[in-house]
Amino acid sequence: MPSPAELAWLIPVLPLAGACLVGLGLISFNRTINRLRKPVALLLISCVGAAAVLSYAVLAQQLAGAGATEVLFNWASAGTFNLQMGFRVDALGAVMLALVTTIAVLVMVYSDGYMAHDKGYVRFFTYLALFSSSMLGLIISPNLLEIYVFWELVGMCSYLLVGFWYDRDGAANAAQKAFVVNRVGDFGLLLGILGLFWATGSFGFEEIGSRLQEAVAGGSLSNAAAILLCLLVFMGPMAKSAQFPLHVWLPDAMEGPTPISALIHAATMVAAGVFLVARLQPVYVPFPQVQVVIAVVGTITLFLGASIALTQMDLKKGLAYSTVSQLGYMMLAMGCGAPVAGMFHLVTHAFFKAMLFLCSGSVIHAMEDVVGHEPVLAQDMRLMGGLRKFMPITSTTFFIGCLAISGIPPLAGFWSKDEILGQAFGSFPLLWAAGFITAGMTAFYMFRLYFLTFEGSFRGTDKTVQAQLLAAAGKGAAEDHGDDHGHSHADHPHESGWQMAMPLAVLAVPSVLIGLLGTPWNSRFARLLNPEEAAHMAQHFSWGEFLPLAGASVAVSLVGISVSVLAYALHKIDLGTAVAARFPALDAFLANKWYLDAINDKLFVQGSRKLARQVLEVDSKVVDGVVNLTGLVTLGSGEGLKYLETGRAQFYALIVFGGVIALVVLFGALG
Amino acid sequence: MALDFAVTQGVTLAQSSSTAFPWLSASILFPIAAALCIPFVPDKGDGKQVRWFALGVALITFLITVGGYLNGYDPSVEGLQMVERWQWLPDLGLAWSVGADGISMPLILLTSFITALAALAAWPVTFKPKLFYFLLLAMDGGQIAVFAVQDMLLFFLAWELELLPVYLLLAIWGGKKRQYAATKFILYTAGSSLFILIVGLAMAFHGGGAPTFEYTALMAKDFSTKFQLFAYAGLLIAFGVKLPIVPLHTWLPDAHGEATAPVHMLLAGILLKMGGYALLRFNVQLLPEGHAQFAPLLVVLGVVNIIYAALTSFAQRNLKRKIAYSSISHMGFVLIGIGSFSDLGTSGAMLQMISHGLIGASLFFLVGATYDRTHTLQLDEMGGVGQKMRKMFALWTICSLASLALPGMSGFVSELMVFVGFSTSEAYSLSFRIVMAVLAAIGVILTPVYLLSMLREIFFGKENVELASHTHLVDAEPREIYVISCLLVPIIGIGLYPRIMTDSYRASIEALVQRENNAMAKVIHPPANALIRRSPMAELLPPALLQAPALG
């Protein structure tokens, strides 16, 4: 009987097999398969469920103290050169496996309710299984190359799922943006991997780390070059984990169905960047400058995300910016050289943020009964309010999530966030300050979301607000009811069915309790990932250090909550006149998301289009014309060849290259 | 010495295999002979009988090549195999000499495979079907001949013969500007192939004695470096038109833009590969010292291809021309791989040719299938087509993802091999490698930009009312799904486990790179050459890297 670790390759393969089977069925027997909704869902949930069982077996083995298992085979080879693939199971991977499979199963159960009336139900489940497979493959990858493979595959799944409702223009644009922005990160990642391979001759994490250090110590590689390579690799995590300035795709990705936002864009895929940085610790640790960059990027991101979340009126977008901010916290932990703390926050955040997103999905689902299938209306909090009366389970779990993310003890977020802030206080006090203030902002905006959605009176039937929102989104009031098939709208929303309520309740348990696994004086989590560090932490733990810092974070959270209560529950202060009216520039700055989307659009989108048009102009007028007429003659004559005789082909090459660029520039200037 | 060894090996193999079934000659002559029988196929003129005949012949040809691969070909042998040789015109030194090694065998298989699928893709052709299928089958034999012949004069004949069917296929079944496109195609290719003839003659007569055109004999000749440079430059122009290399590419968007779907598949799937194959066969194998001098130019041109064509593809509003430019962009990786002086990079170039043959053919087939429904190729006139054509949407998505080098598909493996091979190559200075790798990697960003934009404009969004009301948008039919599936099986198979393909040509590529490296060691004179030199890093690097291609 092989051990669970030896069977770990089955974990990604099982969902993949299910997805392939259904996918082939969809292409070949579209109608039949589309009618077999429940059997398909059952099949795919069991595939992921089996993977979950296996993952827990692997985790149990790791908890019992089993070492890392690595199995490799030659995937591609040429000459004496081999590219290896395989799988690797260790404590870090086991934790992620259990986390991803758990949330994936819950999200799939939830989707059965959420997508019940969607035409693409079967397709949706197929994509979900495909995503689970890629994500699990990423986790058990033994080297950077294989990580890159699955990195791209999860990106593709994200593309497919964000663009799931492909008849919506917003979804189409968001899907493309997500893929392209991630490719920008992958550009760096690929070059970094190539560079590290050139410098160390390896794709393995530990090997790269030790050989890179040797190379720098031996003088064959300058310190600056090593840092550059590390930073190039970091571009990958920056894009995937939505770090400034590559975070722009994540809020747009909320165009996808809400279960996807919970699974991919909150709990698992966006955490892959943090996971990769944790895997790369052996490479990064010897270079403090790299660590500083990671920490600073993380801090910018956490502050940026929280500040934009302050003014969002779209429930999902608010949660999306909150995710950006929390990912920044994780990155900050990585930069402080505290991967265990970062991973711990990743785990706790995955549970409570997945729950929050699923709650928002439950709300949107309920709102659609009232306002119709129009995301502009169904997701806007100006039309919500008072939902607690109608949706007790959703509102309770959302409230628990808010407490957890705000860092109120003893809920999960308190322990993990406090751990990060403690580490930052020791390493970079300035960054700690930013993280500390952001903690207060987090508590404020989360409770703002809660109060606007669940408290007060229900505003969903207010036609004037609806009309205003539609007008602001540039949509006519007439077309939004096109897909309602004539059924009349309900007056008030209802609680969702058991498929949706059950995952919420299940996720609430770890959101409350899982933090207790990582108390600083007895961290079972740290003991699993890094026993030495756990012992060190427990030994050096003192209440005198812990209480002031923890007390301060709780205090700042309470301040945030209080402001929120005063403004949105008791209506004692009107933030609109008190702050927004007094600082219109600041308000506009936040409402326009720091103007980053506008800059992107101007600089890169329009810029690349213009450049492409110019090149095409050059191609059709200049190159085609010249080559058609005289090109052949001159190229064949001795004039060109004389140059080659000197043997300086490379110089010639640069001239060709320069010539092309000069042509483009010339035409750009003229045209 | 390695090349003497190769010659003797070729000869012994020729003797030993003289009694075996002539697989290669059969695969060349059978489709041509069958094509000549087409006038006698009973057919009412609507092509319903003749298309079955053509499909059958193309399939049998495919089976012959597969039979040859399984029975006559040994992937572990680096030299020429399955050699068949008869004297033809001894005075001219012309002999019917065919054979296959690792460089040609995969491409022979690719040719017969794609042609069989093209015959299936040509199902809706009803205009002059007999002539159409005659040309299709003639092309099949001609293209296999280009890859299989082992005699330069014969190669030139096959190269020229294969132009005529393409010209006619373009000029008769093409789009609105078909005459212009066909003329441009023939002028470019015929003009450039003059260089092949001139260089071939020069090489044959070089060194005095009886002229000889056979590759093995030419390989044994000791050309001076100066002669190699001239010959190399001439051949580079000839094959650069075919591949194509920017700025010699402008015939391609016109030709591709006007061709019908099955011709398209052949143009993208096979014709472009003739350029890459010929570069490996002649420029690298016969003129290694010239290659040692010219390789940086190939790399630079490869990078130009990637970026330049990706940008023009992005700006194109015509679907066919967009995909045509994307082909040019992908061929850039072939150039970089050929110029990389590494086993891995050269192997990647070979794999990129095969992979693009499959992916390019699938995309062009889809373009044709879409055009049959929308009757427009302008992206502005499409939009929201995915509502009615869901399967078509799925197929398009899969093939586009394959084209943008998604892992798990063949394009990723080949591009990755080129990247890793080039960036670890010891032949170039570090700064050159960095600049080129960074520029080539920009292609990694640009490719999804134009491919995903294209998908978005065709399929996403609200249905284009005007288009939907004027056309009958039916979903993909089983024949179309079958054609794409046939292409996807090898695409995904290679993507998951590339060794099923790379192992079949590995030995030949390694011998080829060994030859390159020997030549480079001869050419190197350190002070004059800034770029081609042994990196000082080599001594200092950890041992693992020193296993990379050693110089000298």
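Protein chains in written order, with this note's numbering: chain A, 1 to 671; chain B, 672 to 1223. Idealized CB from N, CA, C, for every residue including glycine. Keep in mind the model is a prediction, meaning the values are calculated, not measured.
So with CB distances below 7 Å, who are the chain B contacts of residue 163 (chain A)? Residue numbering aside, residue 163 (chain A) sits at position 163 when the first sequence is read from its first letter. Those are 1131, listed as they occur along chain B.
Quick one: Cα of residue 892 (chain B) to Cα of residue 1187 (chain B), how far? Here residue 892 (chain B) is taken as the residue at index 221 of the second sequence, counted from 1. Here residue 1187 (chain B) is taken as the residue at index 516 of the second sequence, counted from 1. Each residue's Cα considered, the two are about 16 Å apart.
Could I get the ranges of all uninterrupted alpha helix (DSSP H) runs contained in the region 989-1016 of chain B, with 4 residues as the minimum, in chain order? When DSSP assignments are scanned along the region 989-1016 of chain B, the uninterrupted stretches of alpha helix (DSSP H) that are 4 or more residues long and fall wholly within it turn out to be 990-1009.
Indicate whether residue 103 (chain A) and residue 299 (chain A) have their beta-carbon atoms separated by less than 8 Å. Taking the first residue of the first sequence as 1, we reach residue 103 (chain A) at position 103. Taking the first residue of the first sequence as 1, we reach residue 299 (chain A) at position 299. No, the Cβ-Cβ distance between residue 103 (chain A) and residue 299 (chain A) is not below 8 Å.
Would residue 530 (chain A) be called buried (16 or more neighbouring beta carbons within 10 Å of its own) or exposed? On the first sequence, position 530 is the one that residue 530 (chain A) refers to. Its Cβ being crowded by 16 or more others within 10 Å, residue 530 (chain A) is buried.
Would you tell me roughly how many angstroms separate the C-alpha atoms of residue 1096 (chain B) and residue 722 (chain B), rounded to the nearest one? Translated into the one-based positions of the second sequence, residue 1096 (chain B) becomes position 425. Translated into the one-based positions of the second sequence, residue 722 (chain B) becomes position 51. Between residue 1096 (chain B) and residue 722 (chain B), the C-alpha separation is close to 49 Å.
In chain order, what residues of the same chain lie with their CB nearer than 6 Å to the CB of residue 1165 (chain B), ignoring the 5 residues before and after it? Residue mapping note: residue 1165 (chain B) aligns to position 494 of the second sequence, counting from 1. Correct list, in chain order: 1081 and 1172.
Does the CB of residue 252 (chain A) have a neighbour CB from chain B at under 8 Å? Position 252 of the first sequence holds residue 252 (chain A). By this cut-off, residue 252 (chain A) is not an interface position.
Start-end ranges of the beta strand (DSSP E) lying completely within the region 30-100 of chain A, minimum 3 residues: Note on the region 30-100 of chain A: whole beta strand (DSSP E) runs with a minimum of 3 residues are 69-78 and 81-89, in chain order.
Of all the residues that make up the region 1081-1104 of chain B, which are near chain A by a beta-carbon distance shorter than 7 Å? 1084, 1088, 1090, 1091, 1094 and 1095
For residue 139 (chain A), which option in A:272, A:556 and A:349 has the closest C-alpha, if you only look at C-alpha atoms? Taking the first sequence and counting its residues from 1, one reaches residue 139 (chain A) at position 139. Closest option to residue 139 (chain A), Cα to Cα, is A:272.
At a CB distance below 9 Å, what residues from the region 985-1011 of chain B approach chain A? Give them in sequence order. Of all residues in the region 985-1011 of chain B, only 985, 986, 987 and 996 come within less than 9 Å of chain A when Cβ atoms are compared, listed by chain position.
With a threshold of 6 Å on Cβ separation, who are the neighbours of residue 34 (chain A) within its own chain once the five nearest residues in sequence on each side are excluded? Here residue 34 (chain A) is taken as the residue at index 34 of the first sequence, counted from 1. The answer, listed in chain order, is 122.
The alpha helix (DSSP H) spanning residue 871 (chain B) covers which residue range? Along the second sequence, one-based indexing puts residue 871 (chain B) at 200. Its alpha helix (DSSP H) spans residues 849-876.
Partner residues on chain A for residue 1124 (chain B), Cβ-Cβ distance less than 8 Å: Here residue 1124 (chain B) is taken as the residue at index 453 of the second sequence, counted from 1. 176, listed in chain order.
Using the rule of at least 16 other Cβ atoms within 10 Å of the residue's Cβ for burial, across every protein chain shown, is residue 593 (chain A) buried or exposed? On the first sequence, residue 593 (chain A) is found 593 positions in, with the first residue counted as 1. So residue 593 (chain A) ends up on the buried side.
Taking one C-beta from the region 1054-1069 of chain B and one from the region 1126-1143 of chain B each time, how about it: are there three or more such pairs within less than 8 Å? yes
Are there three or more Cβ pairs, one per stretch, closer than 8 Å when the region 313-326 of chain A is compared with the region 375-386 of chain A? yes
Within 10 Å of its beta-carbon, does residue 1090 (chain B) have 16 or more other beta-carbons around it, so buried, or fewer, so exposed? Locating residue 1090 (chain B) in the second sequence gives position 419, where the first residue counts as 1. Residue 1090 (chain B) is buried by the Cβ-count criterion.
Return the CA-CA distance between residue 486 (chain A) and residue 465 (chain A), expressed in angstroms with no decimal places. One-based indexing of the first sequence puts residue 486 (chain A) at position 486. One-based indexing of the first sequence puts residue 465 (chain A) at position 465. Residue placement at residue 486 (chain A) is poorly supported in this model, since its pLDDT is 45, which falls under 50; the coordinates still yield a value, given next. Taking the straight line from one Cα to the other gives about 22 Å.
So, for residue 195 (chain A): in the same chain, excluding its five sequence neighbours on each side, which residues have a beta-carbon less than 6 Å away from its beta-carbon? Taking the first sequence and counting its residues from 1, one reaches residue 195 (chain A) at position 195. Excluding residues within five positions, the ones whose Cβ falls inside 6 Å are 229.
Near residue 848 (chain B), what residues of its chain come up, given a Cβ to Cβ distance below 6 Å and the 5 sequence neighbours on each side ignored? Stepping through the second sequence from its first residue, residue 848 (chain B) is reached at position 177. Excluding positions up to five away in sequence, the list reads 929.
Inspect the CB distances between the region 811-829 of chain B and the region 779-787 of chain B and report whether three or more fall short of 8 Å. yes
Taking buried to mean at least 16 other C-beta atoms within 10 Å of its own C-beta, is residue 646 (chain A) buried or exposed? For the purposes of this step, residue 646 (chain A) is taken as residue 646 along the first sequence, with counting starting at 1. Legend: pLDDT at residue 646 (chain A) = 44, less than 50; position of this residue unreliable, value from coordinates given subsequently. Burial call: exposed.
Under the rule that 16 or more other beta-carbon atoms within 10 Å means buried, what is residue 252 (chain A), buried or exposed? Indexing the first sequence from 1 puts residue 252 (chain A) at position 252. Classification of residue 252 (chain A): buried, given that the 10 Å Cβ count is 16 or more.
For residue 88 (chain A), count neighbouring Cβ atoms within 10 angstroms of its own Cβ and tell me buried if that reaches 16, exposed if not. Here residue 88 (chain A) refers to the residue found at position 88 of the first sequence. With 16 or more other Cβ atoms within 10 Å, it is buried.
Could you spell out where the alpha helix (DSSP H) holding residue 432 (chain A) opens and where it closes? Residue 432 (chain A) sits at position 432 when you count from the first residue of the first sequence. 429-454 is the extent of the alpha helix (DSSP H) around residue 432 (chain A).
Is residue 1051 (chain B) close to chain A? Criterion is C-beta to C-beta, closer than 8 Å. Looking up residue 1051 (chain B) in the second sequence gives position 380. At a cut-off of 8 Å between beta-carbon atoms, residue 1051 (chain B) makes no contact with chain A.
Under the three-state reduction of DSSP, which class applies to residue 736 (chain B): helix, strand or coil? Position 65 of the second sequence, counting from 1, holds the residue named residue 736 (chain B). DSSP places residue 736 (chain B) in helix when its eight states are reduced to three.
Proximal residues of chain B, C-beta to C-beta of residue 30 (chain A) below 9 Å: Along the first sequence, one-based indexing puts residue 30 (chain A) at 30. By Cβ distance, chain B contributes 1061, 1062 and 1146.
So, for residue 524 (chain A): in the same chain, excluding its five sequence neighbours on each side, which residues have a beta-carbon less than 6 Å away from its beta-carbon? Numbered from 1 along the first sequence, position 524 holds the residue referred to as residue 524 (chain A). Counting only Cβ-Cβ distances below 6 Å, and skipping sequence neighbours, we find 517.
Over what stretch of residues does the alpha helix (DSSP H) that includes residue 1172 (chain B) continue unbroken? As a working note, residue 1172 (chain B) is residue 501 in the second sequence. Where residue 1172 (chain B) is concerned, the enclosing alpha helix (DSSP H) stretches over 1170-1194.
At the 8 Å Cβ level, is residue 979 (chain B) part of the contact set with chain A, yes or no? Taking the first residue of the second sequence as position 1, residue 979 (chain B) is located at position 308. So, interface residue.
Kindly say whether residue 1073 (chain B), judged by its beta-carbon, lies nearer than 8 Å to any beta-carbon of chain A. Taking the first residue of the second sequence as 1, we reach residue 1073 (chain B) at position 402. Not an interface residue.
Touching or not, the region 743-752 of chain B and the region 995-1008 of chain B, by the rule of three or more beta carbon pairs under 8 Å? Flag = no, the region 743-752 of chain B and the region 995-1008 of chain B do not touch.
Whole-angstrom distance between residue 1109 (chain B) and residue 974 (chain B), CA atom to CA atom: For the purposes of this step, residue 974 (chain B) is taken as residue 303 along the second sequence, with counting starting at 1. For the purposes of this step, residue 1109 (chain B) is taken as residue 438 along the second sequence, with counting starting at 1. Rounded to whole angstroms, residue 974 (chain B) to residue 1109 (chain B) spans 10 Å at the Cα level.
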